[in-house]
Amino acid sequence: MAAIAPKSLHSSSWKRLIFSREALLGYVFILPLVLIMIGLLAYPVLNALMISLQDKRLGTPGRFIWFDNYYELLFRDRRFWTVVRNSFSFTVCSIIGKLILGIGMAVVLNQRLKGRNLFRGWLLLPWIAPTFVTALTWRWMFDGTSGVINYVLTGLGIIDLPVAWLGSGSTALLAVIVTNIWRGFPFFGVSLLAAMQAVPESLYEAAEVDGATPWQRFRHITIPGIRTVLIITTMLSTIWTFNEFQIVYIMTGGGPAFATHLFSTYTYHVGLTGSRLGYAVAISMSLTPILIFLILALSPLILREEHS
Amino acid sequence: MIESGRRRSLGASIRLYIVLGIYLLIVTFPFYYMALTSLRTQKDVYDRTAMLIPRNLTLENYQTVLTSTGMRTWMRNSVIVASSSTLLSVAISVFAAYSLARLRFFGSQTMAKSVLFMYLIPSSLLFIPLFLIISNLRLLNTLWALIISYQTFNVPFCTWLLLGYFRTLPEELEDAARIDGCSRLGVLFRIVLPLAGPGIITAGIFGFTNAWNEFLYAVVMAQRTELRTIPAGLYSFQVGDVLLWGQLMAAALIATLPVVVLFTLVQRFVVQGLTVGAVKG
Chain B
1 MAAIAPKSLH SSSWKRLIFS REALLGYVFI LPLVLIMIGL LAYPVLNALM
51 ISLQDKRLGT PGRFIWFDNY YELLFRDRRF WTVVRNSFSF TVCSIIGKLI
101 LGIGMAVVLN QRLKGRNLFR GWLLLPWIAP TFVTALTWRW MFDGTSGVIN
151 YVLTGLGIID LPVAWLGSGS TALLAVIVTN IWRGFPFFGV SLLAAMQAVP
201 ESLYEAAEVD GATPWQRFRH ITIPGIRTVL IITTMLSTIW TFNEFQIVYI
251 MTGGGPAFAT HLFSTYTYHV GLTGSRLGYA VAISMSLTPI LIFLILALSP
301 LILREEHS
Chain A
1 MIESGRRRSL GASIRLYIVL GIYLLIVTFP FYYMALTSLR TQKDVYDRTA
51 MLIPRNLTLE NYQTVLTSTG MRTWMRNSVI VASSSTLLSV AISVFAAYSL
101 ARLRFFGSQT MAKSVLFMYL IPSSLLFIPL FLIISNLRLL NTLWALIISY
151 QTFNVPFCTW LLLGYFRTLP EELEDAARID GCSRLGVLFR IVLPLAGPGI
201 ITAGIFGFTN AWNEFLYAVV MAQRTELRTI PAGLYSFQVG DVLLWGQLMA
251 AALIATLPVV VLFTLVQRFV VQGLTVGAVK G
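Structure follows, in structure tokens:
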């Protein structure tokens, strides 16, 4: 008897979870979300997988060619490997830059300051402003002949002659990275600041009594205290940075000579400028292993943070 | 290093303000230069003798942009697309988030997790299949194309944000109303929605900003000039041989203003909502 009772209780709660009025209302309320999930996210992703196995071009039905696109991508397309290298340099350098500037911003704003909220709001501006505006403005500032960056740098004697920043490969990549860091570091700054403010003051007081230096306090109290938020912010930003489109598309269009093309801009270039849709989708699909890894690593962290 | 209670030496204060000053300079300079360029004539824009100092300022560019380019049409399109797609997303998200936060049903936990997962699917993966779906629906080159495709990021985003918000609201009030004989729907409309006002407004403002700033779908799906939103319109602006930087910067500032104003209104909530649901970027 004792063994049966919990089981039947269990099954009736299952029934309640599926058939009660509460559950039915739940289904009705969530239906639009489910429709969007299926129609605008799950279906397109599966569709993308299918298209990547076809030789589909714009306006023509595709022929099924199995993994030919991926084969071409990995073994024949030298540009693809340039794009992979660019994307990694772009992402890694951007993230490091954002991280350093963001931590600095959070540390500064975590001090006793008059008008801290005002400063926080002001420093958030690059992240609020539309990205296409940022990209346009920096393109203008990096202009080789009349750009203000050359003007300032020659004026200060840092460089002797104006540099055609967006005209040569390595400097163009540097320029889009700088722009991306400028746009993204406030996100790090503000999330880390929120995390720092949640670290209990008493820990710092105790450390000070024990004679810890400011660096030791930062290293052993602040960093462990903000660790989870630090990881979440970094991974979120990595996902977004890997998929950055606007900054490169507007500032350089991927050039000069493919030196700044990233996954997303190369996908666009091949798919819509060159109309090879199947091949283009294969390019963007090639990013999914990294993406899935990041998402799977990230989700539990965010969910845990939510519940704490 | 840290924090309110303790004293700072004079030296530390000076260092702090110098670093803060550098940050403010880095952040402000591009905006300053944008504004300066927008207030100059096409000839003065290239004048190297007074590159950083405001001189001979004029509103000419703003006038030109607003009267003899497509800017006003693009602004109208941006307003239509951003507000209607946001209204749609918020409406869908309020019900979905309430159901995930409060109602117990089979699959609700899995659903809550997949909302986060959905939010992280990048548009660079979605834009070609979405482009094909939209063109199969014969909606290419309509504003509907954008309103529909913006649901892909705004619905998960707003649902996630509101889910977090609903969870912070006390359940006791709802229970009390239920005991007094109020129906689930009654509770939702009379108690939860009024309480969740700030959360809903925040979701709306974030959603509006996401849609207002969106570039990739806008470039891909609305290719006719009269259907462009501001981002796509401004991009077409720069395709010509001569770049009219004065006009471009004027238009860019006009595009920036609305989102900055909206954000100042909700700055308080922005910080709270940050790690759980940030604007894509």
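If you read the protein sequences in the order shown, they are chains B and A. For the first sequence, position 70 matches number 70 in our numbering, and the numbering has no gaps at all. For the second sequence, position 69 matches number 69 in our numbering, and the numbering has no gaps at all. Note that CB positions come from ideal geometry on N, CA and C, so glycine has one too.
Do residue i and residue j have their CB atoms nearer than 7 Å?
i	j	result
A:Glu226	A:Thr73	yes
A:Val81	A:Thr256	no
B:Ala48	A:Pro129	yes
B:His261	B:Val84	no
B:Trp132	B:Ala175	Sequence check: residue 132 of chain B is Phe here, not Trp. In this structure, B:Ala175 does not lie closer than 7 Å to B:Phe132 by Cβ.
B:Met196	B:Asn110	yes
B:Thr137	B:Ile247	no
B:Ser191	B:Thr233	yes
B:Ile100	A:Phe106	no
B:Thr241	B:Ser94	yes
B:Ala135	B:Ile231	no
A:Ser99	B:Gly26	yes
B:Pro256	A:Ile92	no
So, at 6 Å on beta carbons, what are the nonlocal neighbours of residue i in its own chain, with the 5 sequence-adjacent residues on each side left out?
i	result
A:Leu265	none
A:Ser85	Ile147, Tyr150, Ala211
A:Leu169	Leu195
Taking 8 Å as the limit between beta carbons, can you name the residues of its chain near residue i, skipping five residues before and five after?
i	result
A:Ile134	Leu140, Ala145, Ile148, Ser149, Met221
A:Ala177	Gly186, Val187, Arg190, Ile191
B:Thr171	Val163, Ala164, Trp165
B:Arg217	Tyr204, Ala207, Glu208
A:Glu171	Arg102
My understanding is that residue i touches residue j, with C-beta atoms under 8 Å, so please give their C-beta distance in whole angstroms.
i	j	result
A:Gly246	A:Thr37	6 Å
B:Leu41	A:Ile121	6 Å
B:Val199	B:Gly225	4 Å
A:Pro156	A:Met111	With 8 Å as the limit, A:Pro156 and A:Met111 do not qualify as a contact, their Cβ atoms being about 11 Å apart.
B:Asn243	B:Ser264	5 Å
A:Ala97	A:Phe166	6 Å
A:Ala250	A:Tyr33	Not a contact, Cβ separation roughly 13 Å.
B:Pro126	B:Arg183	5 Å
B:Phe29	A:Phe95	4 Å
Quick one: is the Cβ of residue i within less than 6 Å of any heavy atom of the ligand GDP?
i	result
A:Leu216	The ligand GDP is not part of this structure, which contains no ligands at all.
Once the 5 residues before and after residue i are set aside, which same chain residues still bring their CB inside 7 Å of it?
i	result
B:Ser52	Asn69, Gly278, Val281, Ala282, Met285
B:Leu123	Met105, Pro186, Gly189
A:Phe127	Leu216, Tyr217, Val220
B:Thr228	Leu301, Glu305
Let me see if you follow: with CB-CB separation under 7 Å, is residue i close to chain B or not?
i	result
A:Leu274	With a pLDDT of only 49 at A:Leu274, under the threshold of 50, the placement of this residue in the model should not be trusted, and no figure is reported.
A:Val266	no
A:Gln151	yes
A:Leu130	yes
A:Tyr23	yes
A:Ile92	yes
Quick one: does residue i have its CB under 7 Å from some CB of chain A?
i	result
B:Tyr279	no
B:Pro44	yes
B:Gly144	no
B:Ser13	no
B:Ile159	no
B:Val209	no
B:Leu125	yes
B:Trp66	no
B:Thr273	no
B:Glu72	no
B:Leu136	yes
B:Phe293	no
B:Leu334	Lying before the first or after the last residue shown, residue 334 of chain B is absent from chain B, which here runs from 1 to 308.
B:Ile300	Going by the sequence as given, residue 300 of chain B is Pro instead of Ile. B:Pro300 does not count as touching chain A.
B:Gln246	yes
B:Leu173	no
* Enumerate, from N- to C-terminal direction, the unbroken alpha helix (DSSP H) stretches of 4 or more residues contained entirely within the region 217-269 of chain A. => 230-237
* Ordered list of alpha helix (DSSP H) runs contained in the region 75-134 of chain B, each at least 4 residues -> 78-109, 116-123, 125-128
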